[in-house]
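>
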DNA sequence: TTTTATTTTCAAAAAGTTTTGAAAATATAA
DNA sequence: TTATATTTTCAAAACTTTTTGAAAATAAAA
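Protein chains in written order, with our numbering: chain S, 11 to 177; chain D, 11 to 177.
Quick look at the structure:
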């Protein structure tokens, strides 16, 4: 297997993985493409490598910038914009966790807070509703705390948990 | 707000949340509906509550069974099948983690193993590829270990990590 | 200023996913 | 056995998301 083949395989699989995480294929593939590149790339280079349209490349590149995973760079004497990805994977993961927290955890917590104030009565159904939503709230709150903690920590922290767990 | 309203709100939001996790809306909503119900429900009851077709209800109910989140029950003297959800949320999360591991972690690890045997040369591109894929493999391996560990543990284990982290 | 390069936008097309509903299959009762 | 209840299947329809590509906007050079 040569480099191009290996890159192709990895980029495809990263796209598939993205899809099952609610990230569209092109966005995940652009991310992979920039992650694998030692230098920053122009929109045209990405379009060419992934065989996607300009509009698609532009929109998803900006979505990646919005997620804080990709940055713009201007080269002296060049008109084109260059893009490069955050390479530190711990930072990448923290950034994704932070964005998903904003998009997912906060809305469901809001709904849970809202329904918790409702007057539900003493029926079996009402009791079950209270029990289940309370349980979910509790588990989400714990995860949220974990994410917040991770966001403030370095990668070493993560390794420390692992070693604590096995001892 | 009354019970029906609260249930409706929660079920809708659970559906939205499912979508951004690669689980289709109907599947997530059926899950929510069964989670909230103190008793097991028939296909017709679920169809009626969520206003979805028989085919949709049947297919997604079976997907939930396949994920190990919902079970069938037969009631004596009744022809209809009854369905109920696993209520222990820690078990639910472990089950989801286990399934996603199978569907996501294993395939990407396979690709990483495959490309790691490739002859990539000494170009900057080749070197970057090796570095990035090695980093990803390392971080995925750590997460995978964490998931495996969690799968074998009870909820207390999770609370213990949290307390260890804060001290 | 005008020309040229580059990026952005967005309506329409294409692709992908979910849902429906009715027919087929299966299972139980009579 | 036949009749009835129930579940399953799957092609087609509805819906959603993604992608395209060309036109508009922006920015830099001449």
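For each residue, glycine too, the CB sits at the ideal point set by N, CA and C.
Every value quoted in this text rests on a predicted model; they were computed, and no experiment measured them.
Taking the straight line between their C-alpha atoms, what separation do you get for residue 21/D and residue 37/S?
Straight-line Cα distance between these residues: approximately 29 Å.
> Just the Cα atoms here: how many angstroms apart are residue 69/D and residue 34/S?
Roughly 25 Å separates the two Cα atoms.
> Is the beta carbon of residue 138/D less than 8 Å from the beta carbon of residue 47/S?
Yes, they are a contact pair.
> When the distance is taken between beta carbons, is residue 95/D closer than 8 Å to residue 45/D?
Against a cut-off of 8 Å, the Cβ pair of residue 95/D and residue 45/D comes out as a contact.
> Among residues of its own chain, excluding the 5 on either side of residue 59/D, which ones have a beta-carbon nearer than 7 Å to its beta-carbon?
Contacts found: 43.
> Excluding five sequence neighbours on each side, which residues of the same chain lie with their C-beta closer than 6 Å to the C-beta of residue 3/D?
As shown, chain D starts at 11 and ends at 177. That puts residue 3/D outside it, with no answer to give.
> Hey, does residue 16/S have any beta-carbon neighbour from chain D nearer than 8 Å?
Chain D, which has a Cβ nearer than 8 Å to the Cβ of residue 16/S, makes this yes.
> Of all Cβ atoms in chain S, is any one closer than 8 Å to the Cβ of residue 31/D?
Taking Cβ atoms only, chain S reaches closer than 8 Å to residue 31/D, which makes this a yes.
> So with CB distances below 8 Å, who are the chain D contacts of residue 173/S?
Correct list: empty, because the minimum Cβ distance to chain D is about 11 Å.
> If you compare alpha carbons, which of 76/D, 173/D, 131/D, 148/D is closest to residue 11/S?
Nearest C-alpha to residue 11/S: 131/D.
> Note down, in chain order, all residues in the stretch 136-150 of chain D with a beta-carbon under 9 Å from any beta-carbon belonging to chain S.
Residues passing the 9 Å Cβ filter: 136, 137, 138, 139, 141, 142, 143, 145, 146, 148, 149.
> When you compare the CB positions of residue 146/S and residue 27/D, do they come within less than 8 Å of one another, or not?
Not in contact: residue 146/S and residue 27/D (Cβ atoms no closer than 8 Å).
> List the endpoints of the continuous alpha helix (DSSP H) containing residue 97/S.
Looking at the DSSP string, residue 97/S is not in any alpha helix (DSSP H), and its letter there is neither H nor E.
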